[in-house]
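*Asks:*
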Amino acid sequence: MHLNTSLPNKKAMWIDCGIHAREWISPAFCLFFVHYSLSFYNVNTEMTRILDNMDFYVLPVMNPDGYKYTWTNRRMWRKNRSPQKGTSCIGVDLNRNFDANWCTTGASSNPCDETYCGSFPESEPESQAVANFLRSHKESIQIYLSIHSYSQMLIIPYSCSMDEAENHSELYEMVKTAADEIRRYYRNTYTYGAGAQIIYLAPGGSDDWAYNLGIKYSFTFELQDRGRYGFLLPPSHIQGACNEALLAVKTIVLKVMEKP
Ligand code: 0X9
Ligand code: ZN
Numbered sequence: 049m050h051l052n053t054s055l056p057n058k059k060a061m062w063i064d065c066g067i068h069a070r071e072w073i074s075p076a077f078c079l080f081f082v083h084y085s086l087s088f089y090n091v092n093t094e095m096t097r098i099l100d101n102m103d104f105y106v107l108p109v110m111n112p113d114g115y116k117y118t119w120t121n122r123r124m125w126r127k128n129r130s131p132q133k134g135t136s137c138i139g140v141d142l143n144r145n146f147d148a149n150w151c152t153t154g155a156s157s158n159p160c161d162e163t164y165c166g167s168f169p170e171s172e173p174e175s176q177a178v179a180n181f182l183r184s185h186k187e188s189i190q191i192y193l194s195i196h197s198y199s200q201m202l203i204i205p206y207s208c209s210m211d212e213a214e215n216h217s218e219l220y221e222m223v224k225t226a227a228d229e230i231r232r233y234y235r236n237t238y239t240y241g242a243g244a245q246i247i248y249l250a251p252g253g254s255d256d257w258a259y260n261l262g263i264k265y266s267f268t269f270e271l272q273d274r275g276r277y278g279f280l281l282p283p284s285h286i287q288g289a290c291n292e293a294l295l296a297v298k299t300i301v302l303k304v305m306e307k308p
C-alpha cells in the first residue's frame, strides 16, 4: 500500500511485515499502521506532520503462502513454501535470502533447516520482488523497517557481520530514544542495538541488505512479547503491542525528518 498526501517529491519510508509466517503480530501491525494513518491524518498533530513530510510504502505480508499455511496446517511454520530440488523439505527463510553476507555463519544451506538461505541470493519470488522494488525506489526511500516478533527489540545493522554501521551512533541514538519513549508511555522494556551484538549473527537479512543498498536508516523491530506467549501472542495484547511499535516508528520518523 502506498500512503501519500498531496505534496509531491517527498521522501518515503518502507515498512514490511510478515516475512516469517508464524509471527502473527507483524501483519497485524502493518494493518493497524495503515488504519491509524488513514484515521488520524488531520486529527493527530504528529501523524499529520509525519504524513505531510513522508510517504509510506507498506507491505502487509511479505510471505503470504507461509502465513496462510500457519492458519491452515502448522501454526509454527516460519519459512516460505517453495519446493526444493532433491528433497521433500519445503521453504526458504526469506530473512536469510537477501544478498548481505549471504549464507555465512548464522544461516543454513540445508533445505530442511528453519534458517535455510535458499539456493542463491534472491532465489525466492518474495525477496526478489521486495529487492527489486527497493532498488527502483532507492532515491526516495530514506527509511527501511521490517517488523518481526518476538522478544521486544529495536535492531540496527549489522546482523550479517560484527562490523559497526558507518552511522552506528546516529542509529543507536534513535533506537535508544524510541525504547525510552516506550518505557515512559507504556512501562515496557525494549532492548536495542546492532543485531549481531544483541541477538546473533544472522546474514542475508532484509535490513542489512537495504542498508548496504544505501537506505541508511534501516531497522528491524521484534514486537511483543518477551517469551511468555512468544509467537502465540493473545488477541488481548495486539492493541498494546501495536501502540508501542507505532510510538517507536513515530519517534524514528520525526528524528529522520530533522535531517537535511
Ligand atoms: O532471525 C531473524 O531473522 C530475526 N529474528 S526472528 O526471531 N523474528 O526470526 C532477526 C532479524 C535481525 N536482522 C537480521 N538478521 N538481518
Ligand atoms: Zn522473524
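Here the sequence shown stands for residues 49 to 308, numbered as in our numbering.
Just so it is clear, CB atoms sit at the ideal spot from N, CA and C, and this is done for glycine as well.
Starting from the Cα of residue 297, find the closest Cα among 147, 131, 270 and 138 and give me that residue.
*Replies:* 270
*Asks:* Hey, out of 154, 233, 58 and 273, whose CA is closest to residue 189's CA?
*Replies:* 58
*Asks:* Is there at least one non-hydrogen atom of the ligand 0X9 closer than 7 Å to the beta-carbon of residue 143?
*Replies:* yes
*Asks:* Please name the residue in 94, 97, 103 and 109 whose C-alpha comes closest to that of residue 77.
*Replies:* Taking each of 94, 97, 103 and 109 in turn and checking the Cα distance to residue 77, the smallest one comes out for 109.
*Asks:* By the three-class DSSP mapping on this structure, what secondary structure does residue 106 have?
*Replies:* strand
*Asks:* Just how far apart, CA to CA, sit residue 131 and residue 51?
*Replies:* 35 Å
*Asks:* Can at least three beta-carbon pairs, one atom from the stretch 227-241 and one from the stretch 149-166, be found at a separation below 8 Å?
*Replies:* no
*Asks:* What alpha helix (DSSP H) runs, 4 residues minimum, are completely inside the stretch 133-188?
*Replies:* 173-184
*Asks:* May I ask you to list the residues that DSSP assigns as paired with residue 242?
*Replies:* 204.
*Asks:* Pull up the distance between the alpha-carbon of residue 300 and that of residue 162, whole angstroms please.
*Replies:* 31 Å
*Asks:* Cβ of residue 155 versus every heavy atom of the ligand 0X9: is any distance shorter than 7 Å?
*Replies:* Not one heavy atom of the ligand 0X9 sits closer than 7 Å to the Cβ of residue 155.
*Asks:* How would you call residue 62, buried or exposed, if buried means at least 16 neighbouring beta carbons within 10 angstroms?
*Replies:* buried
*Asks:* Excluding the five sequence neighbours on either side, which residues of its own chain have a C-beta within less than 7 Å of the C-beta of residue 135, listed in chain order?
*Replies:* Cβ within range, chain order: 159 and 160.
*Asks:* Using only the alpha-carbon positions, how far apart do residue 73 and residue 187 sit?
*Replies:* Rounded to the nearest angstrom, the two C-alpha atoms are 30 Å apart.
*Asks:* Just to confirm, is the Cβ distance from residue 140 to residue 171 under 8 Å?
*Replies:* yes
*Asks:* So, is residue 228 buried or exposed, given that buried needs 16 or more other C-beta atoms within 10 angstroms?
*Replies:* Flag for residue 228 reads exposed.
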